[in-house]
Each structure stands twice: as structure tokens, then as C-alpha cells.
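Residue numbers (the working numbering), protein chains in the order written: chain A, 1 to 512; chain B, 513 to 853. One structure below.
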Amino acid sequence: MNDGVMQAATATQSAAREPVLRISNGSKIYGGVHAIEGVNFDLYPGEVHALVGENGAGKSTLCKAIAGAINLTSGDYLLDGKPANFEQPRDALDAGICMVYQETSLVPTMTAAQNIELGNEKLLTRFRTLNIQAQQLLQSLNFHVDPATPVALLGTAKKQMVEIARAIYNKARIIIFDEPTASLTPEEIVHFFHLVRDLRARGVSIIYISHALEESLQIADRITVLRDGKLVITAPAKQLSRDALVQHMVGREVAQAVYGGKAKTHQRREKVLTVENVTMGMAVKNMSFSVYAGEVVGIAGLIGSGRTEIAKIIYGALKRNLVNGGTIRLRGKPIRYRVPRQAINDGIAYITEDRKANGFFETMVVDDNVYIGSLATRKGWSFLLSRAKRSKLANYWVDRLKISALQRKARIIELSGGNQQKVVLAKTLVQEPSIIFFDEPTRGVDVGTIPHIHGEIRRLADEGKAVVVISSYLPEILAVSDRILVARTGRIVAEFDAADATQDKILYAAVH
Amino acid sequence: MSVQSPSRGVAVPAASSRSGSMFAKPSQEQIVLLITIALLVVFGLTLNGFATVSNLLNLLRSISILGVLGLGMGLIVISRGIDLSEVAIMAGSWAIALIYMQNGMPVFTAVLLALAIAVLIGVVNGVMVAFVEAPALFVTLAAGFVIYGLAFWIAPAWVVYAPKDAPGLMYLGAGRLFGVPVPILVFAACAIAMHLFLSRTSIGRFIYAQGDNPEAARLTGIPLRPLIVLEHVLVALLAWIAGLVWVGTTGSMQMAITQGTMIFDVVLVVVIGGISLIGGRGSVFSVVVGCILIGTLLNAFTIMDVNSEVQNIIKGVVLLAAIVLDNWLHPRDEETARQGD
């Protein structure tokens, strides 16, 4: 099924055939701004076509247009050579185009079989028939999922299988995967790649969006790079390399490798934070570690390993168990915060992993976002607002973090991901913390901005602050950390010095 | 652009920031203001006795109680909350105070008693919402019934009259200062105070932040729980002031209003002027504009002798139109809200 000879054959065959999908000169305008502009995109039967680009490059817009969620402002959309005109996603689905989200579109309380049939229910359904049909489908795909299990009880990888099975059930000819591997373990990723190759062998065309460039290079037949809504290049994957992709994405030679350079060896100073046997439900179990002033500690681990939760517990945003919840000491003094405000007043900061959900105030401009961070502290509070203080703080942080000055008058929601992240940083750092937790500091941040943020992390440590960086992305952890902790199933399972940590060692600890 | 102005920053974000767009959306305040001016001109030209000084003053006076209540409701809607017990707080606290007044309590003491009752209810509401974490909609809806029941128990009359020998109490409702009816001045004073509070103080800024994104506000270190209690207390305080004007105007307090559609009118003037139900948007200006629009309509209806059923239909339609407008101006759909991906 999935041997290399067959793949090569399919790939070469596809070049000769007619494209199943073609977008020519496609543009989409949102409020006067081109989200995509003059994009020519085609997809052949049995092809895996990867889409890469920074956040905001237009990948999602293009895929939404293909999946019928939005309509192109101008340009042609041809399906099997005929113009396609989708009023709604359902029409695209009926035409065999299916978008697979990570796990969001499943109904958790329904069984796998019910989810597979979702949207195609007959008036009366026998569970037995339903389960048998689903079982046959799942077996034909080599998925080991029990059709009678509620989806909520399935793991991430199995949820994804149910999603894919549903796509096949809907007779999908084109499947769009949006960041399919983001929450999978390395083994699951390998299995997923087999799946993709199986689908390709069945003649299904696949559009593959991923942040991990290596994955795109490995799995795709062709790769298309988008930048600022425009198509930069479409080329066979074999002719591209990681460096070439980054260069196309950024649009210039990247002077130093983004994730290059090891941090210098740390000089340990005072031990500021001690976490002893902290436990919270099933998410965090007996977690223990210490943080020193002047160093950057990286916490690696998969999603669900308890790494975000421990930061939120220390910060007072989550509550650990009252009984046997363990001890957290700040400079030797035991602490248990009920609300983040207490942590902030003690000099602890947490920079959220999801800035859109809870990072900034979207109705306020940059200056106000920064100023309100200061107002929310005991030291920075004053009853009356001060224009002078607001400008002073905002000017300092806009300058220090190189926030695009042109955008200061704009609402923050209109800023680029990198500038938004910098505003969230400024809003937190203006509170003058001495211990700072960064959760996924560069998620959704344009490649060009990442070095700024890493530089700021290093600068904070050099200023004598204790910095903890939580990240799923190992090159990032390796680039910024003095010391690396690995979390798995709610525990810290390994500790490495920056000098002798490698991706393989960390991955091994995070998974086994 | 003025100093710390969430009101400004929110009211005219479109013009300043979307320079690249084909057309900038006007703010809801601007649209409603234009409609109001158009209506004033039309009614002024077509209705006999509309465009007279005494009628316009009458118009303003008729909306001042609604306006004061609307300022309180506006504050709490900006914070993404709601308080449906506001009218009940006004009626209940004053009915009890008036009964005690009739039984010989000094006027000043009774006024303070009304204030104490109002603030107490505000604290209870706030604690239920902030600390018990019950939804504000249901807490305040239930509170309205409890207040109504309690007040009726203590003061068992649909209409409780103020004693005849309290001219000071009547001044706020019936008096005039420099020829302007005092209720209008009370409304104006409350509006200015509220505007300064919302736009020039850090607590005002926190209220906008809470309405914009409560979770971000919590993670930023804003003390949300005390803030919520304070908001409910301020609503109760404004209900008390509105009651003071009401008693002055009518010489009585009618418990029947707690069972009527008045709370609906209060929400109407808030939403219509551009204080979005999703929180964080709008300002005192929204309440004032909303009040004037509703006042203009009601005044014209009275002159035209439109019956109350038709008035209710029109009010309902106007509220729906305001909510549709709100959705158009503040789309929650990610496609348009995020300008791409």
C-alpha cells in the first residue's frame, strides 16, 4: 500500500493528468486589505500539496475559499475544469472537499460512529447498523478505533482518525489538513504519515498546512509558499530545502539562523522559586523543580504534559489541590495565590500561550494596553489616569521591544501576530516582575520577529530575572534555555544542561 | 485626541485606523445622533407644538429619570454584565423610605435609609455575581422579585405617597434652577460625573477592560471581584438618585413600575446608543443619545396620540434594529473581525 515505488509512480502520474482543482488569479479582500492576491493554485488527483507561509500569509484564507467557507472576491475557482460556486461549506462537502480540523469539529458526547455519520443521518437509525458500517469503514482504513466509544474518551490521534474516517465517509476527493500533527506524539506522526500516503494511493488529493517545514518536505509532492497573500513559489518538494523555504517565506536572506546559537553557560544566583510535589487533579502530579535568578529555564513536553498548568498554578490562575497539593516557595516563603493579582504583586508574571483568547484588550490601542498593565499593579495604580505616565511607559516599551510605531494608533486586533505578542509582552513586563513565565512565546509570530523575542528573553535573564520558557518547539527551547526540564504526564521527568541537551534526548524523555 | 478616552478610542476606531478600507463604518452613536436630529427636524416641521421651548424642556425632563437609570445600566453593560433589578431597587428602597416618612421618620433620615437599602441590595447582587459566580442575568432578575416582595410586605400599597410637609424632597423633581427643570440638571450632573469616572479614572478603565475580555483582565491582575461588587453598588446608587427625582416629580413611589416594561426601556436606551452587549464598547454619550432618541419618539407619540400598544411595538422594533446595527458594527464572525487570517 504505502511503499515508495507506488508513491513515486503516483506523483509522476499526477503531473500528466488534469488538475482536480484550480484557482487562477484568486483574490480575497477584507475591508480593503488583500488577504490573498492573484494566487494561482492547482491540485492534481492523488497529490499531497503542502502550503507553507508565516501567519497572515494567506494560507487559511486560501483553504477557506477552497472549502467554501468564504467566497473569493475575484478570480476563478475550477473544480474538474468546471467553475465551482459554493454558497456554503456544505456545498463544498457535497462536491467532495473536506477540511479536517485538529479535533474541533467532533461532538464529544457522541460515539465515533455517530460522529462519522454526523450530518448524513437518516430519519431513523439503528445503532447496530450504524456501528457495523462505521466498523467496516474504520477497518478498511486500518484505524483501530471502537465505533461505540464516545469521542470525548478518545485520544488526540484517534479523534483525528475519526475526522478522517468522516471525510472518507463523505466521499471526500480533496482533504485539507490544517496543522494535523500539532498535538501528536512522534510515533503518532509516523502513523499519520502512513495514513496520508494511503489516502494518496486511493487517489485522494491532499492539501497539507503545517508549521513544521520538515514535515512538509517529507510528506508533500509539491510545496507552495505564500507570503503577504501572494504566491511566492510552487515547486516539487524534492527541489526545495528547509533553508530555501524559510528564505521564500521571509522574503530575504535570513542573516543568522533563527533558532541558531546556544545560550552561554549560566551563572547561578539566588534560588527564587521552588516547586515541591505540586499536584492538581490528573493534570499535574507531584511536580517538583526550582528556578534561579538570572537563568532561563526551558520546559519542554507535549501538550497535556502539565507544563502550562504548573505555570498557571504558580501564577494563581489555576488552583492546586488543597490537600496534598504540594508546596510552592517564593524565596523560601510558602505561597498559595487565589488570584493572579497576588502573584503579580509578588513579582511573578505569566505570558499567555493564547493571546487572542486572554492576552490583550482588543478594543484598546497599544498604549492603553501597556498602561493598563501598570495600573493593575499595586505600585503602578493611581485613581486618576495620567497621560504623561501612559506615554512614558508606552514609549519605553514600544522602543525596547521594537513594536511597529506606525501601528500604535491602530486597534491591537489589526496588528500582525508578532506585534500583538510584543504588546502582550510589554503589558506584562511593565509590571516589573522578577520571575517571568513565557508560554509558547513565539506561537503565531512571524519568523522575522522571533529573534527579537528571544533577545528579550535573554536580556531579562541577564538583568537578573528568573525566566521560564514553555514551548512545544524544541529548537526554540534549545536556543534560549540555560537549563532544560522535560515534563511528561504531569511530572518533570528529566533535566538537561543546555550544553549537553539535544532534540533526540529531549524527545526521548518527553515521550517514553 | 483627548487623554485617556476609552470612550473616544472605542467610539471612533474606524476612522483613525482603517485608513486602507474602502469606507469607514460610522460609529453607532453617530448614526443614532443623525437619526435623532432628522427626527427632531421632521417632528418640528410637522407637529404642532413640538418645537417649542417648553415642549423640548418637557421632553428632556421626561427622559431624565430614564437617563439616570440608563447611566447605571450603561456602566454595567460596558463591563459585560447586566442588572435587571435596577427599577426594583429604585421603587423598593423609596417605597420603604416613604412609609417610614409617613410614620414620622425625619425626611433626611428616611432619604439615607433609602440609600442604605439601595446600596445593601447592590452589595448583595455584586457578591452573588462576583463571589458565588451566579450569572448576573438570573441573580438580578431574582433580586428584582425579592425586592418587590419585601417592599410590598413592608409597604403594602401600590402607590406610596410622600408626606405633604417635605418641600425639600419635591425640589429635585418639580423645582427649576435658572428656568431649567431640576431633573434635567440632575441627569446632566450624573452624566458628567459618570463620564469623568469612566474616562479619567483607572477604575473606569478597568471596567472597560473587564467588558473587553474578562479573562485577560483577570490575568493582568485587575481585581475583578471587588470591581463587580462596585459596579452593582454604583447601579444601585444611580437607582437611588433616579428614585429621588421620581419622588420629587410625582410626590409618590409606584410599586407597579417593577412589574412593567420600564426595565426594558432602560436596556433600550443603553443598547440603542451603542453600548454593545458584548461589552467594552460605548460611553456615556451613547446613553445620552439613546435617551434623546427615545424621548423624542415618546414625546411625538404623545402629541400624535399614539396608543401604548403601538408605542411598545415601535420600541421593540427599535431595540431589534439597534442590536442588528450593533452586530453589523462589531461583527463577532472571525472572517471579518480578524481581517484575514
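C-beta atoms are modelled at their ideal positions from N, C-alpha and C, and glycine is treated no differently.
DSSP places residue 636(B) in no beta strand (DSSP E) but in the uninterrupted alpha helix (DSSP H) bounded by 619–642.
Taken through DSSP and simplified to helix, strand or coil, residue 85(A) comes out as coil.
If you draw a straight line from the Cα of residue 683(B) to the Cα of residue 690(B), it is about 13 Å long. When DSSP states are grouped into helix, strand and coil, residue 757(B) belongs to the helix group. If you check the CB distance, residue 67(A) and residue 89(A) come in under 9 Å.
Counting along the chain, the unbroken beta strand (DSSP E) around residue 230(A) starts and ends at 230–236. The C-beta distance from residue 27(A) to residue 37(A) rounds to 5 Å, short enough to fall under 8 Å. Residue 423(A) counts as buried, since no fewer than 16 other beta carbons sit within 10 angstroms of its beta carbon. Separation of residue 830(B) and residue 623(B) (C-alpha to C-alpha, rounded to the nearest whole angstrom) is 36 Å.
Proximity of chain A to residue 717(B) at the Cβ level (cut-off 9 Å) is accounted for by 364, 368, 371, 372, 375 and 385, in chain order. Closest in alpha carbon position to residue 114(A), among 143(A), 147(A) and 94(A), is 147(A).
Taking 9 Å as the cut-off, the beta carbon of residue 802(B) is found no closer than this to the beta carbon of residue 832(B).
Three or more beta-carbon pairs separated by less than 8 Å are not found between the segment 550–565 of chain B and the segment 788–801 of chain B, which leaves the two stretches without contact. Using beta-carbon distances, residue 352(A) counts as an interface residue toward chain B, with a partner under 9 Å. At a cut-off of 9 Å, the C-beta of residue 734(B) has a neighbouring C-beta in chain A.
Shown here, residue 664(B) sits in a helix according to DSSP, grouped into three states. With a 10 Å radius around the Cβ and a threshold of 16 neighbouring Cβ atoms, residue 455(A) comes out exposed. Straight-line measurement puts the Cα of residue 583(B) at about 8 Å from the Cα of residue 782(B).
Per the DSSP secondary-structure output, residue 97(A) pairs in a beta bridge with 174(A).
Residue state for residue 330(A) is assigned as strand, using DSSP reduced to three classes. By the criterion of a C-beta distance shorter than 7 Å, residue 760(B) is surrounded in its chain by 681, 682, 683, 684, 685 and 686, once the five residues flanking it on both sides are discounted. When the Cα atoms are used, residue 286(A) and residue 337(A) turn out to be separated by approximately 18 Å. Between the segment 738–755 of chain B and the segment 593–609 of chain B there are three or more inter-stretch CB-CB distances shorter than 8 Å, so the stretches are counted as touching.
By alpha-carbon distance to residue 376(A), the top candidate from 718(B), 612(B), 545(B) and 649(B) is 718(B). Only those residues of the segment 721–751 of chain B whose C-beta falls short of 7 Å from the nearest C-beta of chain A are listed: 721, 724, 725, 727, 728, 730, 731, 732, 733, 734 and 735. Taking 9 Å as the cut-off between beta carbons, none of the residues of the segment 160–179 of chain A comes near chain B. Any Cβ of chain A closer than 9 Å to the Cβ of residue 712(B) would place that residue at the interface, and such an atom is present. The beta carbons of residue 328(A) and residue 314(A) sit closer together than 9 Å. Straight through space, the alpha carbons of residue 349(A) and residue 343(A) are spaced by roughly 7 Å. Residue 222(A) sits close to residue 50(A), with the two beta carbons spaced by under 9 Å. Think of a sphere of 7 Å around the beta carbon of residue 361(A): the chain B residues whose beta carbon falls inside it are 721, 724, 725 and 728, in chain order. The segment 540–613 of chain B contains, as complete alpha helix (DSSP H) runs of 4+ residues, the segments 540–558 and 565–590 (chain order). When DSSP states are grouped into helix, strand and coil, residue 224(A) belongs to the strand group. Residue 278(A): member of the beta strand (DSSP E) spanning 271–280, first to last residue. Contacts with chain B at 9 Å (Cβ-Cβ) do not include residue 305(A).
A distance below 8 Å between beta-carbons, with the five flanking residues on each side excluded, links residue 707(B) to the following residues of its chain, in chain order: 519, 795, 796 and 797.
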